[in-house]
Amino acid sequence: MKHPRTQKHNIRLLVLGLLVIGIGLLVYFFISIGDSPSEPTPQTFANGAQATLYKDIAYCDSNDARQKMDIYIPATAKEDRPAPFVFYVHGGGWKAGTSRNNIQKYYPQFLLAKGIAFVTVEYRLAPTVSYPSQNNDINCAYQYLMSHGSEYNLRTTQVGFFGDSAGGQLAIMQSLRSDTRANAAATAVLYGVTDLWYQITKKNDTNAIRYLGGKKDQTTANQASPYNADLRTKTAFLLVHGSNDAVVPIETAQRFYKKLLMNGDNAQLVTIPGAHHGFGDATGSKAQAAAQPIITAFFEKYLKP
Numbered sequence: 001m002k003h004p005r006t007q008k009h010n011i012r013l014l015v016l017g018l019l020v021i022g023i024g025l026l027v028y029f030f031i032s033i034g035d036s037p038s039e040p041t042p043q044t045f046a047n048g049a050q051a052t053l054y055k056d057i058a059y060c061d062s063n064d065a066r067q068k069m070d071i072y073i074p075a076t077a078k079e080d081r082p083a084p085f086v087f088y089v090h091g092g093g094w095k096a097g098t099s100r101n102n103i104q105k106y107y108p109q110f111l112l113a114k115g116i117a118f119v120t121v122e123y124r125l126a127p128t129v130s131y132p133s134q135n136n137d138i139n140c141a142y143q144y145l146m147s148h149g150s151e152y153n154l155r156t157t158q159v160g161f162f163g164d165s166a167g168g169q170l171a172i173m174q175s176l177r178s179d180t181r182a183n184a185a186a187t188a189v190l191y192g193v194t195d196l197w198y199q200i201t202k203k204n205d206t207n208a209i210r211y212l213g214g215k216k217d218q219t220t221a222n223q224a225s226p227y228n229a230d231l232r233t234k235t236a237f238l239l240v241h242g243s244n245d246a247v248v249p250i251e252t253a254q255r256f257y258k259k260l261l262m263n264g265d266n267a268q269l270v271t272i273p274g275a276h277h278g279f280g281d282a283t284g285s286k287a288q289a290a291a292q293p294i295i296t297a298f299f300e301k302y303l304k305p
């Protein structure tokens with residue numbers, strides 16, 4: 001027969017163990033709630049466009065807060081009539097930024113009004129990760145949509161790609177991947193980086209160097225640059241650039257545009273007079289307002305059935 005003190009000690013241990021398990025389950029519950037995507041919520045934009053937002057969708061079987069996306073579905077999307085979509089990659093020098101920016105607050109409403117869905121993607125940033133990790137995240141997000149698009153009434157053929165600055169480089173490179181290019185209908189970039197070696201040698205771009213792992217290596221820079229990529233593609237390109245861009249000079253867009261034409265690609269270059277890099281970084285700025293109808297018409301032309 002056990003001594004009463006021993007019994008009390010065992011009971012205390014049992015209670016303590018159950019308490020620890022209970023606390024652990026509560027912590028797990030709240031973490032799970034925090035990491036799970038929100039319920040779909042209706043959205044009404046300034047121009048009257050109606051959409052359903054699926055927020056914080058994890059795309060890489062990861063708990064990393066950066067590996068999530070938001071999906072805006074137009075009210076016109078149905079199971080038997082899925083919506084084409086634009087896949088947006090934000091800028092920020094590969095080291096900063098978020099997809100919930102002034103571009104996300106402005107451009108999607110005009111596309112949604114045309115029945116085009118809009119997907120915004122977060123990705124891991126330098127210096128925590130470097131090339132090709134950012135590219136891998138973008139591809140992981142794209143592949144998730146290819147596998148799960150029907151769950152959101154998205155059409156998974158003839159996709160549009162959209163990016164600004166560093167995000168422009170990532171968007172173009174995704175559209176040119178061997179497992180994507182046949183499905184890329186249109187790619188539009190705002191003041192996009194197309195030649196990393198130019199940025200490093202002519203602009204001493206520390207963000208570009210950091211993205212490439214801290215090394216000034218021409219081979220790696222060329223490998224990561226749209227200018228040096230295989231440009232044999234059926235996707236249509238729209239390059240929108242400010243004439244006064246001092247961060248990513250317009251001459252880089254002009255060089256890339258000429259190379260696209262030399263390859264026989266469908267491409268157009270639109271110059272926004274007087275615009276600087278970032279187009280003022282303000283929702284609906286004068287430069288953004290000038291670019292918006294061009295971008296909307298471009299995606300409507302190449303994505304709408």
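Residue numbers (my numbering): 1 to 305.
C-beta: ideal position from N, C-alpha, C; glycine also.
Query                                                                                                                                                  : Result
Around the Cβ of Met262, are there at least 16 other Cβ atoms within 10 angstroms (buried) or fewer (exposed)?                                         : exposed
Report, in whole angstroms, the separation of the C-beta atoms of Gly163 and Pro84, which I expect to be a contact under 8 Å.                          : Incorrect: roughly 17 Å between the Cβ atoms, too far for contact.
Cβ of Pro112 within 8 Å of Cβ of Ala51?                                                                                                                : Residue identity differs from the one stated: residue 112 is Leu in this sequence, not Pro. Closer than 8 Å, so yes.
For the beta strand (DSSP E) containing Tyr59, list its first residue and its last residue.                                                            : From DSSP, Tyr59 is part of no beta strand (DSSP E); its letter is neither H nor E.
Check Gly160 in the structure and name its three-state DSSP category.                                                                                  : strand
Given a threshold of 16 other Cβ atoms within 10 Å of its Cβ, counted over all protein chains shown, does Lys202 qualify as buried or as exposed?      : exposed
Using the C-alpha atoms, what's the distance from Asp80 back to Leu212?                                                                                : 44 Å
Could you check whether the Cβ of Met173 sits closer than 8 Å to any Cβ belonging to chain B?                                                          : The structure shown contains no chain B; it holds only a single protein chain.
What whole-angstrom Cβ distance do Asp64 and Arg124 have, given they're in contact under 8 Å?                                                          : 7 Å
Which residues does DSSP pair with Phe118 in a beta bridge?                                                                                            : Tyr72 and Val86
Across which residues does DSSP place Thr187 in a beta bridge pair?                                                                                    : Phe161 and Phe237
Which of helix, strand or coil does DSSP assign to Ala282?                                                                                             : coil
Got a sec? Which residues, its chain only, sit under 7 Å from Phe352 by beta carbon, not counting five neighbours each side?                           : Lying before the first or after the last residue shown, residue 352 is absent from the chain, which here runs from 1 to 305.
Between Asp195 and Tyr227, how many whole angstroms is the CB-CB distance? I'm expecting something under 8 Å.                                          : 4 Å
Taking its Cβ as the centre, do 16 or more other Cβ atoms sit within 10 Å of Lys68, making it buried, or is it exposed?                                : buried
Pull up the CB-CB distance for Ala77 and Asn153, whole angstroms please, since I reckon it's below 8 Å.                                                : 4 Å
Determine whether the beta carbon atoms of Thr187 and Ala171 lie at a separation below 8 Å.                                                            : yes
So, helix, strand or coil for Gln104, using DSSP?                                                                                                      : coil
Ignore the nearest five residues each way along the sequence and tell me which others in Phe45's own chain have a CB closer than 6 Å to its CB.        : Gln109
Thinking Gly192 and Gln169 are a contact (beta carbons under 8 Å), I'd like their distance in whole angstroms, please.                                 : 6 Å
Grab me the residues of Ala246's own chain with a C-beta within less than 8 Å of its C-beta, minus the 5 sequence neighbours each way, in chain order. : His276 and His277
Using the beta-carbon count (16 or more within 10 Å), is Ser175 buried or exposed?                                                                     : buried
Three-state secondary structure (DSSP) at Ile31?                                                                                                       : Confidence at Ile31 is low in this model, with a pLDDT of 37, below 50, so the placement of that residue should be treated as unreliable; the coordinate-derived value is given next. Reduced to three states, the DSSP call for Ile31 is helix.
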